[in-house]
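Okay, structure first, notes after.
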Amino acid sequence: MNNPQRREALKKSSAYALFFGTLFGCGIYISPKLYAKNSFLRPPAALDEKEFLATCIKCGQCIQVCPYHSINMYDITHLNSIGTPYINANERGCYLCDLLPCILACPTGSLRHEVQRAEEIRMGTAYISDINGCFAYMGKKVEKKDLKLLISNQNEREAAVYENYQNYEGKECTICADMCPYPDKTDAIEMVYKEGKAFPQINSKCAGCGVCAELCPASAISVAARKTYEEVYI
Ligand code: SF4
Ligand code: SF4
Ligand code: SF4
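15 is the number of the first residue of the sequence shown in our numbering; add one for each residue after it.
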């Protein structure tokens, strides 16, 4: 076969592989809907974005008290939101920690004080953004080089996360499902096994805390900020 013919044949076979690969992937796990990614992931129990922006006084109290160093402050590159708190789930999710100190510390109620339990928190909804990257789905074991350097390891709580995480070296990956901080974690995420494949399934109680996105060694999970489970999946 001459080169142009060979290139054409290769192009066709790649297109078929992509089509059938996608079809196969979609067939066994629930795919998220497409949606505009235009929301910020705010700390737990944040008011609706408009109200949040109108009431947050940018005091940074929530940032100060978070024991997991999960909350950051927007800088000048986010003009309307400059000084307001946000969570970058790829770097450090919210661990839905005891007593929710960020909410207690907020002096304005921009983080709603009536929310007192992790089960009441809905920051967004996780979704699998790259099923073909997922180690479990691809049958790949976790290697030392895959385990990310967690950005913050400054106290006992963070050290516990770090230690637990390092234990996955050489094992099959179930990190997202095991380390989800939601109280009844299988209500939020669980590993499912179908047609010889393992993969995480996000369930309806997912709080959108972003810990799965932070810890996934394949960066295969993302969080749709401020989206409900129904908006993402149904
Ligand atoms: S609930 Fe805890 S871990 Fe989450 S942002 Fe608030 S203080 Fe940080
Ligand atoms: S953490 Fe979950 S999504 Fe990421 S590779 Fe492991 S099983 Fe897959
Ligand atoms: S699945 Fe668990 S870890 Fe991931 S965002 Fe939802 S509640 Fe958080």
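Glycine included, every Cβ here is placed at the ideal spot set by N, Cα and C.
Keep in mind the model is a prediction, meaning the values are calculated, not measured.
Local Cβ density within 10 Å of residue i, reported as buried at 16 or more and exposed below that
i: L55; result: buried
i: P121; result: exposed
i: E244; result: exposed
i: L125; result: buried
i: C40; result: In this prediction, C40 has a pLDDT of 44, which is less than 50 and means its spatial position is unreliable; nothing more can be read from the coordinates.
i: G107; result: buried
i: S218; result: exposed
i: G138; result: buried
i: K241; result: buried
i: L114; result: buried
i: A174; result: exposed
i: I85; result: buried
i: I235; result: buried
i: E228; result: buried
i: T98; result: buried
i: I90; result: exposed
i: I96; result: exposed
i: I203; result: buried
i: I135; result: buried
i: I253; result: Missing from the structure shown is residue 253; the chain here goes from 15 to 248 and no further.
Identity of the residues DSSP links to residue i by a beta bridge
i: F213; result: V206
i: V237; result: A140
i: A60; result: L125
Contacting residues, own chain, Cβ-Cβ under 7 Å from residue i (five flanking each side not counted)
i: T36; result: Only weak support is given to the placement of T36: the predicted model assigns it a pLDDT of 40, under 50, and the value that follows is read from those uncertain coordinates. Taken in chain order, the list of residues that qualify is empty.
i: D112; result: none
i: P81; result: C111, N169 and R171
i: P197; result: A132 and E133
i: K211; result: I42 and Y151
i: P195; result: Y109, L110, C223 and V225
i: C230; result: I189 and C190
i: Q75; result: A119, C120 and P121
i: H127; result: I117
i: K158; result: E183
Heavy atom of ligand 5 within 7 Å of residue i beta-carbon
i: V225; result: Ligands present in the displayed structure are limited to ligand 1, ligand 2 and ligand 3, and ligand 5 is not among them.
Supposed contact pair residue j and residue i - C-beta distance, whole angstroms, cut 8 Å
i: N94; j: L61; result: In fact, because the Cβ distance is near 15 Å, the residues do not count as touching under 8 Å.
i: F213; j: I101; result: Contact flag wrong, Cβ pair sits at about 25 Å.
i: P46; j: V206; result: In fact, because the Cβ distance is near 16 Å, the residues do not count as touching under 8 Å.
i: C116; j: P57; result: 5 Å
i: A140; j: C220; result: 5 Å
i: V156; j: K185; result: 6 Å
Neighbourhood of residue i by C-beta, 8 Å cutoff - its chain only, sequence neighbours within 5 removed
i: L161; result: Y179, Q180, Y182, E183 and P231
i: S166; result: Y82, H83, R106 and E172
i: E63; result: S53, F54, R56 and R240
i: M87; result: K72, G74, I77, G97, T98, P99 and Y100
i: M193; result: V175, N178, Y179, V225, C226 and L229
i: V79; result: P115, C116, L118 and A119
6 Å CB neighbourhood of residue i in its chain, flanking five on each side removed
i: S53; result: A239 and R240
i: I71; result: T122
i: E209; result: I42
i: D201; result: N217 and K219
i: L164; result: Y176
Tell me the start and end of each unbroken beta strand (DSSP E) in the region 65 to 101 that is at least 3 residues and wholly inside, in chain order.
Every beta strand (DSSP E) of 3 residues or more that sits fully in the region 65 to 101 is shown, in chain order, as 85 to 87 and 99 to 101.
Contiguous beta strand (DSSP E) assignments of at least 3 residues, all confined to the region 113 to 195
Assignment of beta strand (DSSP E) within the region 113 to 195, counting only whole runs of 3 or more residues, yields 138 to 142 in chain order.
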